[in-house]
Amino acid sequence: RDSEEKFRTFMETASDLMYITDSEGRFKYINNAMANTLGYIKEEIMGMPFLEVLDKDDLEAARKRRQELIESGENIHQLIWETKTRKKIFGEMKAVAIFDNEGVFQGIRGIFRDITERKKIEESQRLTQLGKLAADMAHEVKNQIAVISTRSGISLMRKPKDKDLVKDLEIIKKQCEQINDI
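Residues in the sequence shown are numbered from 149 upward in steps of one, following our numbering.
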C-alpha cells in the first residue's frame with residue numbers, strides 16, 4: 149500500500165502527461181498534468197479512446213505505431229495531440245506495452261512530454277536562419293547588380309555613337325535599378 153501511494157503521488161505530481169490504456173486503447177488512468185493540459189476533467193476522459201486525443205492527420209501512423217509497440221514491447225516517437233478545444237500539442241512519447249503473465253496484451257503505459265514551446269523556438273530559429281540566408285543572398289545579388297549597373301553607366305558616359313547600343317545600355321541600367329529595388 150505504501151509503495152502504491154508513493155507511485156500514485158509520483159504520477160499525480162509529474163509535469164509529463166502520463167496515462168494507462170486498456171487493450172482496446174481506452175484510457176484507464178491519466179494524471180493531473182494530462183487532464184489539465186488537454187482541458188478535460190478526469191471523468192470526461194476515462195474510458196475515452198486514445199485516438200480521440202490524437203491529431204486527426206496522425207491517426208493512421210498511430211495505428212501502425214500501436215501494432216509495432218505490441219510486437220516490440222516499447223517505442224519512442226513524436227506525435228501531436230489535440231486538446232478538448234482542438235489546440236495542437238507537440239510531444240515526445242514513450243510507450244510501453246503491458247502484458248499479463250501469459251503474454252496477452254493488456255494495454256499501454258505512456259509518458260508524453262509536451263515539446264510545443266520547443267517546436268515554436270525551433271521554428272523561430274529556422275525562420276531566423278532562413279531570413280539570414282535570404283539577406284546574404286540578396287547582398288550577393290546586389291553586389292553583382294551594382295557591378296553591371298556601374299559598368300553600363302560607365303559605358304554610357306563614353307557616349308557611344310551606336311544608338312542601339314545606347315538603348316541597350318539604358319535598358320540594362322534601368323533593369324539593374326529595378327532588380328536592386330526588388
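For every residue, glycine included, the Cβ atom is placed at its ideal position computed from N, Cα and C.
These numbers were taken from a predicted model, which means no experiment stands behind them.
To the nearest angstrom, how far is it from the Cα of residue i to the Cα of residue j?
i	j	result
A245	S272	36 Å
I237	Q226	11 Å
T276	H287	16 Å
D248	Q254	6 Å
I293	K267	38 Å
M305	V289	24 Å
E336	D329	The chain is shown from 149 up to 330; residue 336 falls before or after that span and cannot be answered.
Helix, strand or coil for residue i, going by three-state DSSP, please let me know.
i	result
R257	strand
M305	helix
V252	coil
G279	helix
I293	helix
E172	coil
M166	strand
Which one of the options has the shortest CA to CA distance from residue i?
i	options	result
G251	S171, T233, F155, M166	S171
E208	M194, Q326, I193, I228	I228
Going by beta carbon distance, what residues of the same chain come within less than 8 Å of residue i, once the five residues before and after it are set aside?
i	result
T185	L165, T231, I237, D262
K204	E230
What whole-angstrom Cβ distance do residue i and residue j have, given they're in contact under 8 Å?
i	j	result
I256	T169	5 Å
M196	F175	5 Å
Using a Cβ-Cβ cut-off of 7 Å (strictly less than) and excluding sequence neighbours within five positions of residue i, which residues of its own chain qualify?
i	result
P308	V314
Go through its chain and collect everything with a Cβ distance to residue i's Cβ below 6 Å, but skip five positions before and after it.
i	result
L217	N223, A243, A245
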